[in-house]
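K.L.:
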Amino acid sequence: MTEHTPPTTGDDAAAQDGSPRHGFETPEGLRTLLIRLHEAGPGAWRSDREAAELMRYTAERYRRLARKYALDEWEIASAAFEVMLAPSTRNAGNPWAVVTRAMKITCGVEVRAAGMLVSPSKVRHTARIVGFHDAIRFAERENLADYHPAFAVNPTTDNEEDFDGSERARVAAVLSEIVGLFASAGWDAVLVTDCIEHVAYRLGDLTSRPNAVE
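Residue numbering for the sequence shown follows the working numbering, starting at 1255 and increasing by one per position.
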């Protein structure tokens, strides 16, 4: 939807006194409308006046929920429209309860997907990311070296001047993994190797790990 008509002042007044403005505001009324639109066949939603009123009401109904998750109310209305097309919704005892439950799930999925930097479909269907936290960009926190264990230095055990063969092997293995990652994404392996080695040597010339982070 690219253009929307907000509810009129009269509609707002009716909402404030608690009286239903339209029949579809009740579970029975919504079920009746959904069944009628379904039986009318493809295209019924586009030309039906009551269907247009339903979508405006839906955007208004879930406005507070959308704002809670920093989403646009018409995004929620569009998601609700998809739910209303399902047979399970129009055949439910309380279609509005079905839609509301689906909208709460949708809002959570949208926020989770934005945090994980993935599509909503992956959040819905990929169980293995359930325990993951939101993505944190490397430079998002200025004091990364102060709290991240990868940059911790123990003066009693870590001697930066005593760099033995096993540690060199570990560094070489890590650099090789980085090159492999870029190569798997289509980068030229020779070019990536030269770039990674250049960065590694420059970091190795610095006096401390915090300086390397900076």
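Even glycine gets a Cβ: it sits at the ideal position worked out from N, Cα and C.
For Asn1465 and Val1453, I'd like the C-alpha separation in whole angstroms.
P.N.:
14 Å
K.L.:
Output the distance between the C-alpha atoms of Arg1300 and Leu1291, rounded to the nearest integer angstrom.
P.N.:
10 Å
K.L.:
Identify whether Ala1443 lies in helix, strand or coil by the three-state DSSP scheme.
P.N.:
helix
K.L.:
Is the distance from the Cβ of Ile1289 to the Cβ of Arg1344 below 9 Å?
P.N.:
yes
K.L.:
To the nearest angstrom, report how far apart Ala1423 and Ser1342 are at their CA atoms.
P.N.:
Rounded to the nearest whole angstrom, the CA to CA distance from Ala1423 to Ser1342 is 59 Å.
K.L.:
How long is the line joining the alpha carbons of Leu1319 and Lys1358, rounded to whole angstroms?
P.N.:
8 Å
K.L.:
With DSSP as the reference, label Phe1386 as helix, strand or coil.
P.N.:
coil
K.L.:
If you run the structure through DSSP and keep just helix, strand and coil, what is Arg1275?
P.N.:
coil
K.L.:
Ignore the nearest five residues each way along the sequence and tell me which others in Val1353's own chain have a CB closer than 6 Å to its CB.
P.N.:
Ala1334 and Val1337
K.L.:
Report the residue ranges of all alpha helix (DSSP H) runs contained in full by the region 1281-1355; include only those spanning at least 4 residues, in chain order.
P.N.:
1281-1294, 1298-1301, 1303-1315, 1317-1322, 1327-1338 and 1341-1344
K.L.:
From Asp1448 to Ala1406, what does the alpha carbon distance come to, in whole angstroms?
P.N.:
28 Å
K.L.:
Going by Cα to Cα distance, which pick from Ile1330, Glu1304 and Asp1302 is closest to Arg1315?
P.N.:
Ile1330
K.L.:
With DSSP collapsed to three states, give me the class of Thr1360.
P.N.:
In this structure, Thr1360 counts as helix in the three-state DSSP scheme.
K.L.:
Grab me the residues of Gly1277's own chain with a C-beta within less than 6 Å of its C-beta, minus the 5 sequence neighbours each way, in chain order.
P.N.:
Gly1283
K.L.:
Kindly give me the distance between the Cβ atoms of Ile1450 and Leu1435, rounded to whole angstroms, as I take these residues to be in contact under 8 Å.
P.N.:
With 8 Å as the limit, Ile1450 and Leu1435 do not qualify as a contact, their Cβ atoms being about 10 Å apart.
K.L.:
When the Cα atoms are used, what is the spatial distance from Glu1244 to Ala1340?
P.N.:
Here the chain covers residues 1255 to 1468 and nothing more, so residue 1244 does not appear.
K.L.:
Let's see if you can read the secondary structure: which residues bound the alpha helix (DSSP H) around Ser1375?
P.N.:
Pro1374 to His1379
K.L.:
Does the distance from the C-beta atom of Val1363 to that of Val1384 stay below 9 Å?
P.N.:
no
K.L.:
Enumerate in chain order the residues of its own chain whose CB-to-CB distance from Ala1199 is below 8 Å, with the five nearest sequence positions on each side excluded.
P.N.:
Because the chain here runs from 1255 to 1468, residue 1199 falls outside it and cannot be looked at.
K.L.:
May I have the straight-line CA-CA distance separating Ala1313 from Ala1356, to the nearest angstrom?
P.N.:
Answer to the nearest angstrom: the Cα atoms are 14 Å apart.
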